[in-house]
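Data block below; observations after.
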Amino acid sequence: MINAGDTAFVLFSAALVMLMTLGLAFFYGGLVRSKNVLSIIMQCLFLACILSLQWVLFGYSISFGPDVGKGLLGGLQWLGLRGVGGTPGPYASTVPHLAFMLFQGMFAAITPALIIGAFAERIKFSGFVLFSLLWAILVYDPVCHWIWGHGGWLAKMGMLDFAGGVVVHLNAGIAALVMCILLGKRLGYPKQAMTPHNLPMVYLGLTFLWFGWFGFNGGSALAANGVAASAFVATNTAAAAAGATWALLEWILSGAATTLGTATGAVAGLATITPASGFVAPLAAMVIGIASGVVCYFFVAVVKNRFGYDDSLDVFGVHGVGGALGTLAVGLFASRLVNPGGANGLFFGNPHQFLVQVVGVVAVTIFSGVVTFILYKVVDALVGLRVTEADEITGLDLSQHRESAYND
Amino acid sequence: MKKVEVIIKPFKLEDVRDALNELGVRGMTVTEVKGFGRQKGHSELYRGAEYVVDFLPKVKVEVVVPDDMLDQVVDCVARAARTGKVGDGKVFVIEVLDAVRIRTGERGERVV
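Protein chains in written order, with the numbering used here: chain A, 1187 to 1594; chain B, 2 to 113.
What follows is the structure in structure tokens.
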């Protein structure tokens, strides 16, 4: 039975997640040098286009279609959205199947877009497009099915991922780490300073992300109900806690609280609370947010420099680490008092849930890492993934897209 | 004719312009530049990484003056741009061989 309130909520949430994908272009675009800002915008925009098509044509079917057996992949029954219409599907009983499909499609578009930050300022556009499309089909769609599809093997184990800590953030974060290591550092990194060209633009991006995240997490309740409200509260609380924590940390350790640090902390908090948002109480969300600020800061400011990989915009340190941390936190803080459809975590007498969460994190880390590695090798051999040295020095805006962002 | 090339702190530009106007200097060229001398740069912080920024923003003022005004101009500029702190800048004096007013074709000192 379709419920008007639920339907309006899910459709609006889908639009909010779309705002995140396009807004991500501001967040990432402000962080790169001015000669590469359009390449970032174009990459986000183009993925929003082609991955929306992928989703309608076959992505939705292989992610959410009836399981083909063993819980690894959905079937092709819903190819081209055949049979997916205005009546409720199997996933949300009070909203049109099409609304659920669109909401999920936005997740399928933003996940590969998150990876963009890892190889910013040095990737060839053609190689990027081919890689991202293949990654969406061969990594995102299957992982999505494992955890969110009916019959998915991790779903059957009881793994909880409310809005995509593993499906979206860890998945993208691991791919980001593999890609930035294989592609190598930007010319001149880390000796030459590569400072953000427009921090107010980063702030604009943060605004879209934080705002849109209410749809991302809240919408995952798939109904305008108490769980959605709980997810809203957890989302905001964790973002606030992580942003403040990051600012305080750098204030203490480096002598100044920065806008970029606070914004980065907020995004880390949002990514970290994503898997937990519909399962944990407000104070648990606060603890998760604080932990996110500390742990992600450590990975971004210490671990990255120690190992020397050029994860240019810290996709691994923020999304990969945050996604894993939040998913494990579900295994600790989840409570059936918050969401009767969820489970209790370790702190509520169910240590088994924590083990299930660990299995999910490990499985997706390995799968995403290995398939990304193979895709890198294949795409690099077919069309090449790194621009020439001359093109990199010129900047990707001119060399890849024949435009420049700032002409006066 | 001499060209006086002055590199100053950006916020001193108005003072220098006013002082030159009072002397009767009727034109100047101003450029925003970056550079460093004895004044140290500063460090910036991005996600825990500190970068030292050597090049500081400065303003370069160029005026070409008749020989008999040179000392006045140099003194006046130096006085106007001075704060007494490191980083006040430099004045350079350069010999100018000729000048042409493009509109009329006039040449020499009368052009400036």
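Cβ atoms here follow ideal geometry from the backbone N, Cα and C, with glycine treated the same way.
Exposed or buried, residue 1370 of chain A, counting other C-beta atoms within 10 Å across all chains shown (16 or more means buried)?
Residue numbering aside, residue 1370 of chain A sits at position 184 when the first sequence is read from its first letter. Burial call: exposed.
Between the beta-carbon of residue 1429 of chain A and the beta-carbon of residue 1451 of chain A, is there less than 7 Å?
Here residue 1429 of chain A refers to the residue found at position 243 of the first sequence. Here residue 1451 of chain A refers to the residue found at position 265 of the first sequence. In this structure, residue 1451 of chain A lies closer than 7 Å to residue 1429 of chain A by Cβ.
Establish whether the CB of residue 1442 of chain A and some CB of chain B are separated by less than 7 Å.
Taking the first residue of the first sequence as 1, we reach residue 1442 of chain A at position 256. Closer than 7 Å to some Cβ of chain B, the Cβ of residue 1442 of chain A qualifies, so yes.
Within the 7 Å Cβ cut-off, does residue 1446 of chain A reach chain B?
Here residue 1446 of chain A corresponds to residue number 260 of the first sequence, with the count starting at 1. Yes, residue 1446 of chain A lies at the interface with chain B (some Cβ there is under 7 Å from its Cβ).
Please tell me whether residue 1456 of chain A and residue 1427 of chain A are closer than 7 Å, where the distance is taken between their beta carbons.
Counted from its first residue, the first sequence places residue 1456 of chain A at position 270. Counted from its first residue, the first sequence places residue 1427 of chain A at position 241. For residue 1456 of chain A and residue 1427 of chain A, no; Cβs fall outside 7 Å.
Helix, strand or coil, according to DSSP, for residue 1550 of chain A in the structure here?
Your numbering for residue 1550 of chain A matches position 364 in the first sequence. Three-state DSSP puts residue 1550 of chain A in a helix.
Counting only beta-carbon atoms, is residue 57 of chain B nearer than 7 Å to chain A?
By 1-based counting over the second sequence, the position of residue 57 of chain B is 56. No - not a single Cβ of chain A is within 7 Å of the one on residue 57 of chain B.
Does the beta carbon of residue 112 of chain B fall short of 6 Å from some heavy atom of the ligand HEM?
In the structure on display, the ligand HEM does not appear, and there are no ligands present to speak of.
Do you know how far the Cα of residue 1338 of chain A is from the Cα of residue 1261 of chain A?
As a first step, residue 1261 of chain A must be located in the first sequence, where it is residue number 75. As a first step, residue 1338 of chain A must be located in the first sequence, where it is residue number 152. Rounded to whole angstroms, residue 1261 of chain A to residue 1338 of chain A spans 12 Å at the Cα level.
Quick one: list the residues of chain B neighbouring residue 1436 of chain A, beta-carbon separation under 9 Å, in chain order.
Walking along the first sequence from the start, residue 1436 of chain A turns up at place 250. Under the 9 Å cutoff, chain B gives 46, 48, 49.
So residue 1341 of chain A is in the alpha helix (DSSP H); what residue range does that whole segment cover?
Position 155 of the first sequence, counted from the start, is the residue given in the question as residue 1341 of chain A. Counting along the chain, the alpha helix (DSSP H) containing residue 1341 of chain A begins and ends at 1339 to 1343.
How close, in whole Å, do the beta carbons of residue 1289 of chain A and residue 1199 of chain A come, if the pair is a contact with beta carbons under 8 Å?
Here residue 1289 of chain A is taken as the residue at index 103 of the first sequence, counted from 1. Here residue 1199 of chain A is taken as the residue at index 13 of the first sequence, counted from 1. Indeed, because the Cβ distance is near 6 Å, the residues count as touching under 8 Å.
Output yes or no for whether 7 Å exceeds the beta carbon distance between residue 1258 of chain A and residue 1322 of chain A.
Sequence index remark: in the first sequence, residue 1258 of chain A carries index 72 (1-based). Sequence index remark: in the first sequence, residue 1322 of chain A carries index 136 (1-based). No, the pair does not count as a contact, with Cβ atoms beyond the cut-off.
Determine, for residue 1458 of chain A, whether the minimum Cβ-Cβ distance to residues of chain B falls below 7 Å.
In the first sequence, the residue the question calls residue 1458 of chain A occupies position 272. Chain B, which has no Cβ nearer than 7 Å to the Cβ of residue 1458 of chain A, makes this no.
Run through the DSSP bridge pairs and tell me what residue 50 of chain B is partnered with.
Numbered from its first residue, the second sequence carries residue 50 of chain B at position 49. DSSP lists B/47 as partners of residue 50 of chain B.
For residue 1221 of chain A, which of helix, strand or coil comes out of DSSP?
Here residue 1221 of chain A corresponds to residue number 35 of the first sequence, with the count starting at 1. The answer is helix: DSSP assigns residue 1221 of chain A an H, G or I state.
Output, in sequence order along the chain, the residues in the stretch 1473 to 1502 of chain A whose CB is closer than 8 Å to any CB in chain B.
Correct list: 1483, 1486, 1487, 1488, 1491, 1500.
Which residues, in chain order, does the stretch 1380 to 1391 of chain A contribute to contact with chain B at a C-beta distance below 8 Å?
Answer in chain order: 1381, 1382.
Taking the CB atoms as reference points, tell me whether residue 1361 of chain A and residue 1554 of chain A lie closer together than 7 Å.
The residue labelled residue 1361 of chain A in the question sits at position 175 within the first sequence. The residue labelled residue 1554 of chain A in the question sits at position 368 within the first sequence. Contact: yes.
Does the CB of residue 1450 of chain A have a neighbour CB from chain B at under 7 Å?
If you number the first sequence from 1, residue 1450 of chain A lands on position 264. Taking Cβ atoms only, chain B reaches closer than 7 Å to residue 1450 of chain A, which makes this a yes.
When you compare only the Cα positions, how much space is there between residue 1204 of chain A and residue 1266 of chain A?
Mapped onto the first sequence, residue 1204 of chain A falls at position 18. Mapped onto the first sequence, residue 1266 of chain A falls at position 80. One C-alpha to the other measures close to 21 Å.
Helix, strand or coil for residue 90 of chain B, going by three-state DSSP, please let me know.
Start at 1 with the first residue of the second sequence, and residue 90 of chain B comes out as number 89. Residue 90 of chain B: strand per DSSP, three-state reduction.
Report the three-state DSSP secondary structure of residue 1252 of chain A (helix, strand or coil).
Start at 1 with the first residue of the first sequence, and residue 1252 of chain A comes out as number 66. Residue state, collapsed to three classes: coil.
How big is the Cα-Cα spacing for residue 1485 of chain A and residue 1390 of chain A?
Reading the first sequence from its first residue, position 299 is the one you call residue 1485 of chain A. Reading the first sequence from its first residue, position 204 is the one you call residue 1390 of chain A. The straight-line gap from Cα to Cα measures roughly 24 Å.
When the Cα of residue 1565 of chain A is compared with those of A/1372, A/1412, A/1311, which residue comes out closest?
Along the first sequence, one-based indexing puts residue 1565 of chain A at 379. Measuring from the Cα of residue 1565 of chain A, the nearest candidate turns out to be A/1311.
Evaluate residue 1582 of chain A with the Cβ neighbour count: other Cβ atoms within 10 Å of its Cβ, from every protein chain shown; 16 or more gives buried, anything less gives exposed.
Counted from its first residue, the first sequence places residue 1582 of chain A at position 396. When all chains shown are included, residue 1582 of chain A counts as buried.
Among B/9, B/32, B/5, B/100, which has the Cα closest to the Cα of residue 87 of chain B?
For the purposes of this step, residue 87 of chain B is taken as the residue at position 86 of the second sequence. When only C-alpha atoms are compared, the closest one is B/9.
Return the CA-CA distance between residue 1285 of chain A and residue 1409 of chain A, expressed in angstroms with no decimal places.
Locating residue 1285 of chain A in the first sequence gives position 99, counting from the first residue. Locating residue 1409 of chain A in the first sequence gives position 223, counting from the first residue. Rounded to the nearest angstrom, the two C-alpha atoms are 11 Å apart.
For the alpha helix (DSSP H) containing residue 1431 of chain A, list its first residue and its last residue.
Position 245 of the first sequence, counting from 1, holds the residue named residue 1431 of chain A. That run of the alpha helix (DSSP H) goes 1412 to 1440.
Tell me which same chain residues have a C-beta within less than 8 Å of the C-beta of residue 1443 of chain A, skipping the five on either side of it?
As a first step, residue 1443 of chain A must be located in the first sequence, where it is residue number 257. Excluding residues within five positions, the ones whose Cβ falls inside 8 Å are 1433, 1434, 1436, 1437.
Could you pull out every unbroken alpha helix (DSSP H) segment of at least 4 residues lying fully inside the stretch 1239 to 1327 of chain A, listed in chain order?
Taking only runs of at least 4 residues, the alpha helix (DSSP H) segments lying wholly in the stretch 1239 to 1327 of chain A are 1246 to 1250, 1283 to 1301, 1311 to 1321.
Looking only at its own chain, which residues have a Cβ that is under 7 Å from the Cβ of residue 1533 of chain A, when we skip the five neighbours before and after it?
Counted from its first residue, the first sequence places residue 1533 of chain A at position 347. These residues qualify, in order along the chain: 1518, 1519.
Between the Cα of residue 1462 of chain A and the Cα atoms of A/1256, A/1515, A/1537, A/1392, which residue gives the shortest distance?
Residue mapping note: residue 1462 of chain A aligns to position 276 of the first sequence, counting from 1. Of the candidates A/1256, A/1515, A/1537, A/1392, the one whose C-alpha sits nearest the C-alpha of residue 1462 of chain A is A/1515.
Across which residues does DSSP place residue 36 of chain B in a beta bridge pair?
Residue 36 of chain B sits at position 35 when you count from the first residue of the second sequence. The partner list for residue 36 of chain B (beta bridge, DSSP) reads B/57.
Please go through the same chain and pick out, in chain order, the residues whose beta-carbon is closer than 6 Å to the beta-carbon of residue 1192 of chain A, but skip the five residues on each side of it.
Locating residue 1192 of chain A in the first sequence gives position 6, counting from the first residue. Once the five neighbours on either side are set aside, the close Cβ partners of residue 1192 of chain A are 1280, 1281, 1409, 1410.
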